[in-house]
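If you read the sequences in order, they're chains A and B.
Per numbering that gives the first Met the number 0, the first sequence starts with residue 0, numbered consecutively.
Per numbering that gives the first Met the number 0, the second sequence starts with residue 0, numbered consecutively.
Encoded as structure tokens, the structure appears first; notes follow it.
2 protein chains.
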Amino acid sequence: MFKLSKKTEYSIIALQYLIKREAQMATVKEIAEKCKIPQPLLAKLLQLLARKQILRSVQGVNGGYRLDQPAAKISVADVLEAVEGPLRMTACGSSSVRCERLSFCDLRQRLAPVQKELITYLQKISLLDF
Amino acid sequence: MFKLSKKTEYSIIALQYLIKREAQMATVKEIAEKCKIPQPLLAKLLQLLARKQILRSVQGVNGGYRLDQPAAKISVADVLEAVEGPLRMTACGSSSVRCERLSFCDLRQRLAPVQKELITYLQKISLLDF
DNA sequence: ATAAAATAAGACTAAATTAGTCCAATATAT
DNA sequence: ATATATTGGACTAATTTAGTCTTATTTTAT
Chain A
0 MFKLSKKTEY SIIALQYLIK REAQMATVKE IAEKCKIPQP LLAKLLQLLA
50 RKQILRSVQG VNGGYRLDQP AAKISVADVL EAVEGPLRMT ACGSSSVRCE
100 RLSFCDLRQR LAPVQKELIT YLQKISLLDF
Chain B
0 MFKLSKKTEY SIIALQYLIK REAQMATVKE IAEKCKIPQP LLAKLLQLLA
50 RKQILRSVQG VNGGYRLDQP AAKISVADVL EAVEGPLRMT ACGSSSVRCE
100 RLSFCDLRQR LAPVQKELIT YLQKISLLDF
């Protein structure tokens with residue numbers, strides 16, 4: 000329970016690698032080899048992080064990825080959201096899901112504050128102090 | 000991310016039903032129908048909860064399940080652990096998993112305090128105030 | 001005693017999600 | 001131009017989760 004997905008683990012590991020390299024670019028290939036992450040999968044993850052402005056990508060020769068924000072400003076919550084999508088504890092609540100228990104189940108409402116606290120907590124942990 | 004499994008949802012819903020019924024027994028069949036949960040699956044879940052002394056089971060005619068503890072003493076963490084097994088955020092750390100990144104990856108150690116806080120938090124939420 | 005009503009346990013199948021691959025397209029420095 | 005990168009999307013494989021089925025055991029009422 001609450002186990003991070005491989006995607007999330009890989010993302011954090013790759014980010015930590017990039018933090019150590021500071022502003023220097025690193026290619027997917029390099030990161031994949033050093034961190035022992037399957038390269039095509041890592042490529043996807045770094046793309047997701049770039050879309051959320053956590054990383055900056057440069058295409059072409061001498062291209063690669065580097066941090067687009069100071070490490071202290073990147074929260075664990077940011078990474079989770081970029082890679083896994085919005086954090087929510089119940090299946091219902093996403094617009095497409097209709098729940099046959101709606102009439103009597105108050106799980107979602109009860110979980111809402113828990114979820115909120117959890118997110119707040121994860122937002123306070125940056126990749127640096129984490 | 001952090002979405003509760005169906006098992007967990009079903010367990011909490013069933014427990015809330017049992018809380019409303021107070022000390023009265025309810026059969027798996029009854030709970031399954033009222034809460035719209037597949038009966039054989041629910042049966043498994045209630046067994047897990049009974050093993051952890053969250054529920055008390057009585058076999059035979061007129062048997063069923065009832066709470067084995069006051070609702071206020073049952074924490075969300077208890078339910079999660081009973082149904083999902085120990086809460087841990089990394090795949091490594093369970094004895095059977097060997098990680099090829101061990102030499103340089105400190106994810107597990109860094110996640111340890113996060114995980115601890117999370118568990119502490121979930122332990123403080125009972126089925127009543129939740 | 002016996003039948004009926006209940007949980008217990010484990011093997012099994014199906015569905016869904018996650019992990020990982022592959023390939024063609026686009027961008028860029030030399 | 002060409003080599004080296006990322007981009008994006010479709011695809012397959014593996015794993016996990018959800019759900020079913022069957023048989024055994026326990027208990028009670030008759």
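Glycine included, each C-beta is placed from N, C-alpha and C at the ideal position.
Bear in mind the structure is a predicted one, so any value in this text is a computation, not a measurement.
Contact with chain A is absent for residue 24/B, since none of that chain's Cβ atoms lies less than 8 Å from the residue's Cβ.
Spatial neighbours of residue 11/B in its own chain (CB-CB distance under 7 Å, excluding positions within 5 residues in sequence) are listed in chain order as 78.
Taking a contact to require three or more Cβ pairs closer than 8 Å, the segment 110-125 of chain B and the segment 27-38 of chain A do not qualify as touching.
Under the Cβ distance rule, residue 90/B counts among the residues neighbouring chain A, one pair being separated by less than 8 Å.
Within the segment 25-53 of chain A, contact with chain B at the beta-carbon level (separation under 9 Å) is assigned to 33, 34, 35 and 36. When only Cα atoms are considered, residue 37/B and residue 17/A end up about 47 Å apart. Check the Cα spacing between residue 48/B and each of 83/B, 128/B and 2/B: the tightest is with 83/B.
Within the model, the alpha-carbon separation for residue 13/A versus residue 129/A is close to 14 Å. With a cutoff of 8 Å on beta-carbon distance, residue 125/B and residue 51/B are scored as not near each other. DSSP places residue 10/A in the uninterrupted alpha helix (DSSP H) bounded by 5-19.
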